[in-house]
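Visitor: As they're listed, the protein sequences go chains A and B.
At the far end of the first sequence sits residue 325, using the working numbering, and the numbering has no gaps.
At the far end of the second sequence sits residue 498, using the working numbering, and the numbering has no gaps.
Here it is, the structure, as structure tokens.
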Amino acid sequence: MSDETLNTSSANARETFYEATAGRIGIHNMSLILALLVLLVLFGTLRGDVFFSMRNFLNMGMGIAILGVLAISQTAVVISGRMDISVGSIVGLTTVATATAIQATDSATLGIFFGILVGALAGLFNGTIITYGRVNHIIVTLGTMAIFRGVAFIISDGQSISIFNDTFRLIGIGRFLGIPMPIWILILTAIVFHIFLSKSIVGRNFYAIGGNPIVARFAGINLSRYSIGTFVMSGAVAGIGGILLAARTGSGQPISGSQGLELEAITAAFLGGCAMQGGKGSVIGALLGVAVIGILNNGMILTSVPTFYQLLAKGSLLILAVVFAEFQQNRQ
Amino acid sequence: MQNTISMTNISKRFGVVQALADVEVTFTPGEVLALVGENGAGKSTLMRILEGVFPPDTGSVLIDGQPVVFGQTREAHARGIRVIHQEPEIVPDMSVAENIYIGELPRVGRAFLDRSRLKRDTLALLKDFGMADELDPDQSCERIGPAQRQMIEIIRAVRAGGQFIAFDEPTSSLTDDEARRLFRIIRRLREEGKAIVYISHRLNEVVDLADQVAVLRDGRIVSQTQVAEETTESIARKMVGRELSTLFSRRPSKQNRAVLEVRDLSSAAIENISLTINAGEVVGLGGLMGAGRSELAKAIFGYDKITGGTVHMEGKALAANNTAAAIQAGIGFAPEDRKHEALLLMRSILDNGAIVIPDLVSRYGLFDRQSAKNLVGEAARAMKIKAPSLDTQVSDLSGGNQQKVVLARWLARSPKVLILDEPTRGIDVGAKSEIYKLIDDLAASGIAILLISSEMPELMGLADRVLVMADGKITAELEGDAINEEEILLHAMPSASMVA
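This is the structure:
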């Protein structure tokens, strides 16, 4: 509590603020970068021959592109004080929806449109029940995680639906300037969300709502509209994830490739500095979190860690990330 | 047991803030020592050190001249030191008796609760404190009021052998009757030889109750005197460290143009409320806690769901249940609970100011930091907010400065109507007088103000007109000389007690 009267032109005070902010962002992201380095050294030592190849890095990039897109939108959801556990199932559902649409019309454009639409509608379903049914968001998306997966199985009859449209497949396997398309889409998503969360009024309101919904409502923010909008956005972005997956595998599949994505996306969000009670988090943090998960996944495969143990590691990572986040919160 | 407690050479620093510096104070058994000072002067810090919440940087606590170190609150309690906090520490799910005997429940054998003895002993204590009519030992504490919660905490402290009892702002949520009862109890504790510390912003209570008064300013005790030598004015002067200008000064500013009109407004807590406020007019809203004043404000603002009636701004009806529409139409609202309803505590002054002016600080939907800095900065300077910069986190500010941030936010919007719900609650004398002056300035500039206050002098000193509420209805409209304490109280009584 300083006794000086507020003086906005005080360069001195501004410096300390920037220092403080840089310090705060730095500490969290620095620890992520440190974790990345540790993993790089670890897997580099164990399987340096394969691990440090361009091919493997592009592989990793491909592997984390879908997760990255989901983790970024999950971060926005968690900032607003919510969580969307159904995103993995929405990805599965949209691969099936997109594949079905392309089989019927042979149009890549229609397939993309339909995929995003189905994702957004799934999100609208979540948002409507959460907002107007006044049911806890975790419970609702836990329920729809099973429902959307079920719908995907029903539509596909449990079969894989093949996609033969070459234009559409370019999204998954094409390259631009030598870099695979999914990575470009991840970069684009990251830029859009970064601007959205840090610069736009709507994005700033996400932080306010997560920080304290009562204060947000007193400040004239329409909580219902934001709540529904958040889940529609989350569903639509999961739709984009579904399109990426369908384009890469050339098929619509109800479960393969999308199972467990929600776990990884939520883990990445918390690794990236989100807090359980909302109001905190950033796109850059989420990307670093995704990188940690990506390298861990890749390294565990290269070093032949059995699948069962991989699951163990993923679950532990989520819990560790939340414990770490809560610890930081309490220290403040 | 003599048990004279004193604190010597106490200093405590939090980061850059010197919260306490070389404090010397002795608490004499059988005396009430009033501890006064502006918010942030160090009163609560001193009590926390005494209670063992954290240790001092230098200095020590002495009991009968022997230094003691409390690692935990429990150890201070064991030596008879008790603090009755502003928010009573009551477990709502437990009964009155269990709360009074918490931690020392009577047992049968080793493991079983002795229910009959617990009830018998509690009843005896309740009778002793004149509470037997109001509280039942077996009653759950969930639904009992703040006054009774406080009594439970006092009874618990005495029951556990408290020899030193500190009261931190004990009357802030009490009615006058309840406060008078509390004073009787405090006087009795004094006669029983306990050392009492009384912390309060209400100086008339201090003058009434205390034997000595110690004034803390910026972490130092600037004076300790016999109350008989002081007046409320002389104490206030020492607290602020400068001459207080006349607290209330109102220029006549009421215009002949209605701005806010409320017609037959009803919600779960209010019934058929109609009122009009003109430009430049200050309308006071008096009544007891729970009369529905805050709920009326929230209904007007579109926060509480309304079940009937309309709100009109300059003749136009507002969309119901829509805070954004109310803000757009020019209503500003500073709610009573600023920490939970008004401020994002972990965010900066800038963010808290900009949150209600998104349309003024954005271009194409993107936040324009520079225009936010200009607008919020201008309002913050007008409010004389004391902070290193606009980027200071709001939780680091004192109560008075936090309230100024809330007011600055609305100033940046230039509202037509401002609803202030207990705007000076829990803030110090200096900041209070600044807010009074601001209310006068705002009214003079043509803003219509609805002022909710439980402090009679505020209503009498600031309002052109006072509406009194009881049981969710308006029971009186007072103007001119009719605005006085007796009239307001008379109409503030709920109808049930009027009949009795």
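Ideal placement from N, C-alpha and C gives every residue a C-beta, glycine not left out.
Bear in mind that the values here come from a model prediction, so they are computed numbers and not experimental data.
Checking contacts by CB at 7 Å: is S360(B) closer than that to chain A?
Guide: Locating residue 360(B) in the second sequence gives position 362, where the first residue counts as 1. Answer yes: the Cβ-Cβ gap between S360(B) and chain A drops below 7 Å somewhere.
Visitor: Determine the closest residue to A385(B) out of L116(B), S346(B) and I47(B), with distance taken between C-alpha atoms.
Guide: Position 387 of the second sequence holds residue 385(B). Closest by alpha carbon: S346(B).
Visitor: Identify the continuous alpha helix (DSSP H) that holds S217(A) and give its terminal residues.
Guide: Working through the first sequence from its first residue, we reach residue 217(A) at position 224. L216 to T242 is the extent of the alpha helix (DSSP H) around S217(A).
Visitor: Would you list the one or two residues that DSSP bridges to P65(B)?
Guide: The count along the second sequence starts at 1 and reaches residue 65(B) at position 67. DSSP, once it has assigned bridges, lists L60(B) as partnering P65(B).
Visitor: Which residue from F157(A), F118(A) and V70(A) puts its Cα closest to that of G104(A)?
Guide: Position 111 of the first sequence, counted from the start, is the residue given in the question as residue 104(A). Taking only the C-alpha atoms, the option nearest G104(A) is F157(A).
Visitor: Sorted by chain position, which residues of the same chain lie with C-beta nearer than 7 Å to I202(A)'s C-beta, five sequence neighbours on each side aside?
Guide: Here residue 202(A) corresponds to residue number 209 of the first sequence, with the count starting at 1. Result list for I202(A): S73, G74, A209, I214, L216 and Y219, in chain order.
Visitor: Please identify the residue among V225(A), L110(A) and T91(A) whose C-alpha is closest to the C-alpha of I164(A).
Guide: Position 171 of the first sequence, counted from the start, is the residue given in the question as residue 164(A). Nearest of V225(A), L110(A) and T91(A) to I164(A), Cα basis: T91(A).
Visitor: Which residues in chain A have a C-beta closer than 8 Å to the C-beta of G363(B)? List them in chain order.
Guide: Within the second sequence, numbered from 1, the residue matching residue 363(B) stands at position 365. By Cβ distance, chain A contributes S193, I194 and V195.
Visitor: When burial is assigned at 16 or more other CB atoms within 10 Å of the CB, is G459(B) buried or exposed?
Guide: As a working mapping, residue 459(B) is identified with position 461 in the second sequence. G459(B) is buried by the Cβ-count criterion.
Visitor: Alpha carbon to alpha carbon, how far is G243(A) from D99(A)? Give it in angstroms, no decimals.
Guide: Counting from one through the first sequence, the residue named residue 99(A) turns up at place 106. Counting from one through the first sequence, the residue named residue 243(A) turns up at place 250. In a straight line, the C-alpha of D99(A) is about 13 Å away from that of G243(A).
Visitor: Cα-Cα, which of D136(B), T173(B) and N97(B) is closest to A155(B)?
Guide: Within the second sequence, numbered from 1, the residue matching residue 155(B) stands at position 157. The residue with the shortest Cα to Cα distance from A155(B) is N97(B).
Visitor: Mind checking if L448(B) is an interface residue toward chain A, Cβ cutoff 7 Å exclusive?
Guide: In the second sequence, the residue the question calls residue 448(B) occupies position 450. With 7 Å as the cut-off, L448(B) does not count as an interface residue toward chain A.
Visitor: Chain B beta carbons: is any one of them nearer than 7 Å to that of G213(A)?
Guide: In the first sequence, residue 213(A) corresponds to position 220, counting from 1. True, the Cβ-Cβ gap to chain B drops below 7 Å.
Visitor: Alpha carbon to alpha carbon, what distance is there between R118(B) and F52(B)?
Guide: Taking the second sequence and counting its residues from 1, the one referred to as residue 52(B) is at position 54. Taking the second sequence and counting its residues from 1, the one referred to as residue 118(B) is at position 120. Roughly 37 Å between the two C-alpha positions.
Visitor: Establish whether the CB of I355(B) and some CB of chain C are separated by less than 7 Å.
Guide: Chain labels in this structure do not include chain C; the protein chains are A and B.
Visitor: Does the beta carbon of I88(B) sit closer than 7 Å to a beta carbon anywhere in chain A?
Guide: Walking along the second sequence from the start, residue 88(B) turns up at place 90. Chain A contact via Cβ: absent.
Visitor: Does I325(B) have its Cβ less than 7 Å from a Cβ in chain A?
Guide: If you number the second sequence from 1, residue 325(B) lands on position 327. Yes, I325(B) lies at the interface with chain A (some Cβ there is under 7 Å from its Cβ).
Visitor: Starting from the Cα of K273(A), find the closest Cα among D159(A), I236(A), G37(A) and R197(A) and give me that residue.
Guide: Along the first sequence, read from residue 1 onward, the residue named residue 273(A) stands at position 280. Closest option to K273(A), Cα to Cα, is R197(A).
Visitor: Going by alpha carbons, who is nearest to L373(B) out of A406(B), M344(B) and Q400(B)?
Guide: Reading the second sequence from its first residue, position 375 is the one you call residue 373(B). Nearest option by C-alpha distance: A406(B).
Visitor: What residues from chain A crowd round F52(B), counting only those whose CB sits closer than 7 Å?
Guide: Working through the second sequence from its first residue, we reach residue 52(B) at position 54. Near F52(B) there are no residues of chain A at all, since even the closest Cβ is about 16 Å away, more than 7 Å.
Visitor: Can you confirm whether A322(B), when its beta carbon is compared against all beta carbons of chain A, has any partner nearer than 7 Å?
Guide: Residue mapping note: residue 322(B) aligns to position 324 of the second sequence, counting from 1. Chain A contact via Cβ: present.
Visitor: How would you label L30(A), buried or exposed, when you count the other beta carbons within 10 angstroms and need 16 or more for buried?
Guide: Here residue 30(A) is taken as the residue at index 37 of the first sequence, counted from 1. Burial call: exposed.
Visitor: Which residues of the segment 290 to 324 of chain B have a Cβ closer than 7 Å to any Cβ of chain A? Give them in chain order.
Guide: Per Cβ criterion, the list reads Y301, T321 and A322.
Visitor: Does the Cβ-Cβ distance between L273(B) and K192(A) come in under 7 Å?
Guide: As a working note, residue 273(B) is residue 275 in the second sequence. As a working note, residue 192(A) is residue 199 in the first sequence. Cβ atoms of L273(B) and K192(A): not closer than 7 Å.
Visitor: Could you check what DSSP says for V133(A) in three-state terms: helix, strand or coil?
Guide: On the first sequence, position 140 is the one that residue 133(A) refers to. Three-state result, V133(A): helix.
Visitor: Around the C-beta of T102(A), are 16 or more other C-beta atoms found within 10 angstroms, so that it is buried, or is it exposed?
Guide: The sequence position of residue 102(A) within the first sequence is 109, counting from 1. Answer is exposed; the Cβ neighbour count stays below 16.
Visitor: Which stretch, first to last residue, makes up the beta strand (DSSP E) that contains V211(B)?
Guide: Numbered from its first residue, the second sequence carries residue 211(B) at position 213. Element bounds for V211(B): Q210 to R215.
Visitor: Starting from F157(A) and walking both ways along the beta strand (DSSP E), at which residues does that stretch end?
Guide: Sequence index remark: in the first sequence, residue 157(A) carries index 164 (1-based). From DSSP, F157(A) is part of no beta strand (DSSP E); its letter is neither H nor E.
Visitor: Chain B beta carbons: is any one of them nearer than 7 Å to that of I312(A)?
Guide: If you number the first sequence from 1, residue 312(A) lands on position 319. No, because no Cβ of chain B sits closer than 7 Å to the Cβ of I312(A).
Visitor: Rounded to the nearest angstrom, what separates L242(B) and L123(B) at their Cα positions?
Guide: For the purposes of this step, residue 242(B) is taken as the residue at position 244 of the second sequence. For the purposes of this step, residue 123(B) is taken as the residue at position 125 of the second sequence. Because the pLDDT at L242(B) is just 48, under 50, the model does not fix this residue reliably, and the value given afterwards should be weighed accordingly. So the two alpha carbons sit approximately 45 Å from each other.
Visitor: Which bits of chain B does A201(A) rub up against, with CB to CB less than 7 Å?
Guide: For the purposes of this step, residue 201(A) is taken as residue 208 along the first sequence, with counting starting at 1. By Cβ distance, chain B contributes L342 and I353.
Visitor: Closest by CA to E190(B), which one among F162(B), P104(B), R200(B) and N202(B)?
Guide: Start at 1 with the first residue of the second sequence, and residue 190(B) comes out as number 192. Considering only alpha carbons, the answer is F162(B).
Visitor: For the beta strand (DSSP E) holding R261(B), just list the boundary residues, first then last.
Guide: Here residue 261(B) refers to the residue found at position 263 when the second sequence is read from its first residue. Per DSSP, R261(B) belongs to the beta strand (DSSP E) from A256 to S265.
Visitor: Give the C-beta separation of G81(A) and L254(A) to the nearest angstrom, bearing in mind that I take them to be a contact with Cβ-Cβ under 8 Å.
Guide: Working through the first sequence from its first residue, we reach residue 81(A) at position 88. Working through the first sequence from its first residue, we reach residue 254(A) at position 261. About 4 Å separates the two Cβ atoms, so the contact holds.
Visitor: According to DSSP, simplified to helix, strand and coil, what is N205(A)?
Guide: Counted from its first residue, the first sequence places residue 205(A) at position 212. Looking at N205(A) - three-state DSSP - the assignment turns out to be coil, as it is neither helix nor strand.
Visitor: Roughly how many angstroms lie between the CA atoms of A277(B) and I447(B), to the nearest whole one?
Guide: In the second sequence, counting from the first residue as 1, residue 277(B) sits at position 279. In the second sequence, counting from the first residue as 1, residue 447(B) sits at position 449. Looking at the two C-alpha atoms, the distance is approximately 8 Å.
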